[in-house]
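One structure is given here, and the rest of the page talks about it.
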Amino acid sequence: MGQLFYLADLFGVVVFAITGALMAGRKSMDMFGVLVIAIITALGGGTLRDVILGNYPVSWIRDDTYIGVASLAAVGTVLWVRLTQPIHERGLLIADAFGLAVFTVIGTEVALQHQAPHSAAVIMGVMTGVAGGVMRDVICNEIPLIFQKEIYATASILGALVFIGMTEFASAAHWLNAGTAMTVVLLVRLAAIRWHLRLPQLHLLDRSER
Amino acid sequence: MGQLFYLADLFGVVVFAITGALMAGRKSMDMFGVLVIAIITALGGGTLRDVILGNYPVSWIRDDTYIGVASLAAVGTVLWVRLTQPIHERGLLIADAFGLAVFTVIGTEVALQHQAPHSAAVIMGVMTGVAGGVMRDVICNEIPLIFQKEIYATASILGALVFIGMTEFASAAHWLNAGTAMTVVLLVRLAAIRWHLRLPQLHLLDRSER
Amino acid sequence: MGQLFYLADLFGVVVFAITGALMAGRKSMDMFGVLVIAIITALGGGTLRDVILGNYPVSWIRDDTYIGVASLAAVGTVLWVRLTQPIHERGLLIADAFGLAVFTVIGTEVALQHQAPHSAAVIMGVMTGVAGGVMRDVICNEIPLIFQKEIYATASILGALVFIGMTEFASAAHWLNAGTAMTVVLLVRLAAIRWHLRLPQLHLLDRSER
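Residue numbers (the working numbering), protein chains in the order written: chain L, 2 to 211; chain E, 2 to 211; chain R, 2 to 211.
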């Protein structure tokens, strides 16, 4: 079972590295920039979580599989886009939703293991899921998409809440808690993609703009 | 006395969360974005300080009051602005100056407790006071205001210097050191707001622009 | 020999502080902004490395020479540019290449001392060399130059690889390993400056842009 989680984790790394490589390529960065943005997107959320929790050594220093997998995904993305065909956008979105689900559950679990209170565990779950993408957007000089487009982080929040609720108040097996929470993230995110669900934007003006 | 500091700390969290929520709302973010920016603005400076010092667990993982208070402030800000009236800008500026004063003294004190040299303690005090706002501005794709507008961080620097001087070289009670330093930050900042004091901007050109 | 490394390290701090002060001055920041950007540019990479490795206390908290030297460099830069003449751009580029070489080797070495795998040690070396400049550019709202201009990080990667290779697989003295790796960074970077070498930019378009 731990093996399955590890594979899911690596799958999430691959998916996020691809989104990072694509964004960097659209910004006309060179191969090094693509590699860096891909690695930051894939591993940035988990690294931030581990540093804030004091959870040393962080994943990719403990195990060099992570960097290897992220690098391969970046190189593969560039070759794929240049040599063959455009990325299958819908397939990427679905894979990304799966990555979000895995990272959310892993992040929430690590926080709970560090005796974080529930509110902090939710934040750690969401942070693991979305912070890499936020770093990607900030470095590429974009307002982070997750604050403006279809429901994304909300799916992650709901999954973290489900995982915490089941872990703390139910007595089910760990794989059932994790699987249910991941399913919640996936379903909410896929529904948001399918029907373009979004939270209402807030348009607050201050006096000087009126 | 510790209780009073705790309340002042939470007051600073509320004030900075409000400024974060307002900025996010002006950028047309959704409710999730507003919540995240508010929490980052309120807790980002202290978190960065604790991570650099290795001061684990960080405040909001030790005590979930911080996240709760910041979240309530964000929700309250949105309701207030949409349902009732615009924010009282001047009142917010004064409250923000108080938050800056509290955070500066707390940050400086934590650094001194970790045997940081004086120069690092000043930086930690200023960082605790201003880094949340810098993160807010960077994520919202603005050049951080503190580098361009009325004296802000300078007030924080002066307060940190006063606190260090009194703590290291005088023998007054802790509350007197802290209170004096906070008063210095407040007075300098309020004077800067009242008379639009600012440090001179530097306009350095490199050869290619001449 | 350790003394020589310490001096080289401080030289790197001075050089990076100057580039930070110049960028901040071009953005019309005030003296405080110039100081902060200079310190972040000079010490940001090493701080990020230490925080990710859990290598406490970080350099400038252990030894206040670092902040002092960076601050003096920032003040000196402003005085120099305003009172005398424009910066000698080419001289600065060469000094910067030397700083990159020193920081790369120090970062790689610290990571190896923490039992990081080779891939992570390369990342730590590059991060120590370039992250301060990336923070400078992100805070100043620029797309980081290192992803777009002449070969820069690539020089750092090659130096890190040489250092790791010689340290792990050869039996030469430490100063020889470090000196060779630094020379590689310097030569590659200087060649890139001299002949405007750059990696090819990638222009990946997604379907929506075609």
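Don't be surprised by glycine CBs; every beta carbon is placed ideally from N, CA and C.
Just so it is clear, the structure is predicted and the values come from calculations on it, not from any experiment.
Would you kindly work out how many angstroms separate the C-alpha atoms of residue i and residue j, rounded to a whole number?
{"i": "I68 of chain L", "j": "A121 of chain R", "result": "8 Å"}
{"i": "L191 of chain E", "j": "N178 of chain E", "result": "20 Å"}
{"i": "G92 of chain R", "j": "L159 of chain E", "result": "36 Å"}
{"i": "G13 of chain E", "j": "L36 of chain E", "result": "16 Å"}
{"i": "V70 of chain R", "j": "L162 of chain L", "result": "48 Å"}
{"i": "R211 of chain L", "j": "V82 of chain E", "result": "Note that R211 of chain L has pLDDT 38, beneath the 50 cutoff, so the model's placement of it is unreliable and the number below is only indicative. The straight-line gap from Cα to Cα measures roughly 13 Å."}
{"i": "G126 of chain E", "j": "G3 of chain L", "result": "43 Å"}
{"i": "V123 of chain E", "j": "T109 of chain E", "result": "6 Å"}
{"i": "G47 of chain E", "j": "V186 of chain E", "result": "18 Å"}
{"i": "A171 of chain E", "j": "M24 of chain E", "result": "41 Å"}
{"i": "F104 of chain L", "j": "I165 of chain R", "result": "32 Å"}
{"i": "R195 of chain E", "j": "S157 of chain L", "result": "44 Å"}
{"i": "D65 of chain L", "j": "V59 of chain L", "result": "11 Å"}
{"i": "T168 of chain E", "j": "A154 of chain E", "result": "21 Å"}
{"i": "I140 of chain R", "j": "S72 of chain R", "result": "18 Å"}
{"i": "L44 of chain R", "j": "L198 of chain E", "result": "30 Å"}
{"i": "R50 of chain L", "j": "L84 of chain R", "result": "46 Å"}
{"i": "L101 of chain L", "j": "A39 of chain E", "result": "23 Å"}
{"i": "H119 of chain E", "j": "F33 of chain R", "result": "18 Å"}
{"i": "G55 of chain R", "j": "Y57 of chain E", "result": "11 Å"}
{"i": "I62 of chain R", "j": "L188 of chain L", "result": "47 Å"}
{"i": "A174 of chain E", "j": "A117 of chain L", "result": "34 Å"}
{"i": "I144 of chain R", "j": "K28 of chain L", "result": "9 Å"}
{"i": "G26 of chain E", "j": "L146 of chain L", "result": "15 Å"}
{"i": "F6 of chain R", "j": "G77 of chain L", "result": "39 Å"}
{"i": "N142 of chain R", "j": "A74 of chain E", "result": "28 Å"}
{"i": "L8 of chain E", "j": "V111 of chain E", "result": "17 Å"}
{"i": "L94 of chain L", "j": "L94 of chain E", "result": "42 Å"}
Quick one: grab the DSSP three-state call for residue i.
{"i": "D65 of chain E", "result": "coil"}
{"i": "Q116 of chain R", "result": "coil"}
{"i": "L203 of chain R", "result": "coil"}
{"i": "I124 of chain L", "result": "helix"}
{"i": "T85 of chain L", "result": "coil"}
{"i": "S209 of chain R", "result": "Model confidence at S209 of chain R stands at a pLDDT of 45, short of 50, so the residue's coordinates are unreliable; what they give is reported in the following sentence. Of the three classes helix, strand and coil, the one that applies to S209 of chain R here is helix, per DSSP."}
{"i": "I144 of chain E", "result": "coil"}
Can you say whether residue i is buried or exposed, counting buried as having 16 or more other CB atoms within 10 angstroms of its CB?
{"i": "F148 of chain E", "result": "buried"}
{"i": "D10 of chain E", "result": "buried"}
{"i": "E90 of chain E", "result": "exposed"}
{"i": "T129 of chain L", "result": "buried"}
{"i": "P201 of chain L", "result": "exposed"}
{"i": "H115 of chain R", "result": "buried"}
{"i": "W176 of chain L", "result": "exposed"}
{"i": "L113 of chain L", "result": "buried"}
At what residues does the alpha helix (DSSP H) containing residue i begin and finish?
{"i": "H175 of chain R", "result": "175 to 196"}
{"i": "V37 of chain R", "result": "32 to 54"}
{"i": "E169 of chain R", "result": "154 to 170"}
{"i": "Q4 of chain R", "result": "3 to 27"}
Applying a beta-carbon distance threshold of less than 7 Å, which residues of chain A neighbour residue i?
{"i": "M128 of chain E", "result": "Any reference to chain A falls outside this structure, whose protein chains are L, E and R."}
Could you give the C-beta distance for residue i and residue j, rounded to a whole number, given that I count them as a contact under 8 Å?
{"i": "V79 of chain L", "j": "A18 of chain L", "result": "Actually they are not in contact, since the Cβ atoms of V79 of chain L and A18 of chain L sit about 11 Å apart, beyond 8 Å."}
{"i": "D31 of chain E", "j": "L203 of chain L", "result": "7 Å"}
{"i": "M183 of chain R", "j": "T42 of chain R", "result": "At roughly 20 Å, the Cβ-Cβ gap does not stay under 8 Å, so M183 of chain R and T42 of chain R are not in contact."}
{"i": "V16 of chain E", "j": "A132 of chain E", "result": "Contact flag wrong, Cβ pair sits at about 15 Å."}
{"i": "I107 of chain R", "j": "V52 of chain L", "result": "In fact, because the Cβ distance is near 20 Å, the residues do not count as touching under 8 Å."}
{"i": "I152 of chain R", "j": "A193 of chain R", "result": "4 Å"}
{"i": "T20 of chain L", "j": "G134 of chain L", "result": "7 Å"}
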